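Residue numbers (our numbering): 128 to 234. Glycine is no exception: its CB is placed at the ideal position from the N, C-alpha and C atoms. A quick note: this is a predicted structure, and the numbers were derived from the prediction, not measured. Have a look at the structure below before the remarks.
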Amino acid sequence: MENKTVENTRYKILLIEDNKLDQQAFKRYVKDSDLPYDCTMTESVSQTKKILGAERFDVVIVDYMLEDGTAFDILGLTNNTPFLPWQSVCYRRHKDMQPLRPAGWQT
Numbered sequence: 128m129e130n131k132t133v134e135n136t137r138y139k140i141l142l143i144e145d146n147k148l149d150q151q152a153f154k155r156y157v158k159d160s161d162l163p164y165d166c167t168m169t170e171s172v173s174q175t176k177k178i179l180g181a182e183r184f185d186v187v188i189v190d191y192m193l194e195d196g197t198a199f200d201i202l203g204l205t206n207n208t209p210f211l212p213w214q215s216v217c218y219r220r221h222k223d224m225q226p227l228r229p230a231g232w233q234t
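Written as structure tokens, this is what we have:
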């Protein structure tokens with residue numbers, strides 16, 4: 128299957144991360160790599176609720192453990208947003224991904 132890319136296509140990325148250093152590292156990586164991403168960042172489930180109600184994203188990257196909830200709370204928001212489908216990626220610093228497996232997350 129041929130991979131077709133449209134020149135000048137930009138992708139809207141939502142990064143949900145409560146660690147400022149990780150946010151900065153992500154921003155720096157996108158900038159230094161000259162990736163075609165327009166990034167929005169939130170730090171909590173409550174901030175994310177506001178954003179998802181108003182904007183559409185191509186990809187959502189979410190830290191598993193947030194200040195006011197977990198990645199499961201973010202996934203629960205998808206039932207209430209008209210902007211489906213979107214791709215999501217979940218990550219956590221710990222090697223044990225067992226808590227994510229019941230929801231279908233794979234390593």
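Contact check, residue i vs residue j, beta carbons under 8 angstroms
{"i": "LYS139", "j": "ASP190", "result": "no"}
{"i": "GLU170", "j": "GLU194", "result": "yes"}
{"i": "LEU142", "j": "GLN150", "result": "yes"}
{"i": "THR175", "j": "ILE201", "result": "yes"}
{"i": "ASP165", "j": "ARG137", "result": "yes"}
{"i": "GLY196", "j": "VAL172", "result": "yes"}
According to DSSP, residues forming a beta bridge with residue i
{"i": "GLU167", "result": "In the sequence as presented, Glu is not what sits at residue 167; that position holds Thr. DSSP, once it has assigned bridges, lists LEU141 as partnering THR167."}
Reduced DSSP secondary structure (H/G/I, E/B, other) of residue i
{"i": "THR175", "result": "helix"}
{"i": "VAL193", "result": "The displayed chain sequence assigns Leu, not Val, to residue 193. It is a strand residue."}
{"i": "GLY203", "result": "helix"}
{"i": "GLN181", "result": "Contrary to the premise, residue 181 reads as Ala rather than Gln in this sequence. Residue state, collapsed to three classes: coil."}
{"i": "LEU162", "result": "coil"}
Short CB-CB distance (under 8 angstroms) between residue i and chain B
{"i": "VAL189", "result": "Protein chains in the displayed structure number just one, and chain B is not present."}
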